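Q:
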Amino acid sequence: MPPEGADESGAQASGAAGAAASELYSAKPCPICSRPSVKRYHPFCSRRCADVDLHRWLSGSYAIAGREEEDEDGEGQGGETR
Ligand SMILES: [Zn+2]
């Protein structure tokens, strides 16, 4: 009989992830200002840039929405994640 309860188990934290995790996320730069992107606003560097892109995207979307015909690049319909 062991004196005290087994105290050596369950110490398996799946580490090795987030050790050198800085603010930088990917190697891809911000598509708006070409600065290093941040994980939080991936793939942008800041919320501002994300916002800028969003507006661009919406504008383009609206512009295209009026005339959806030929020339589908394959990522126009149903390819919208989120
Ligand atoms: Zn940016």
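In the numbering used here, each number is its position in the sequence shown, counted from 1, plus 16.
The C-beta atom is built at its ideal place from N, Cα and C for all residues, glycine as well.
Being a predicted model, the structure only gives us computed values, none of them experimental.
Alpha carbon to alpha carbon, what distance is there between A66 and R72?
A: 10 Å
Q: Which term fits S53, buried or exposed, when burial requires 16 or more other beta carbons within 10 angstroms of its beta carbon?
A: buried
Q: Would you mind reading off the limits of the beta strand (DSSP E) that contains S53?
A: P52 to V54
Q: Suppose you measure from the CA of I48 to the CA of Y57; what does that come to, to the nearest Å?
A: 12 Å
Q: Roughly how many angstroms separate the alpha carbons of K55 and L70, rounded to a whole number?
A: 17 Å
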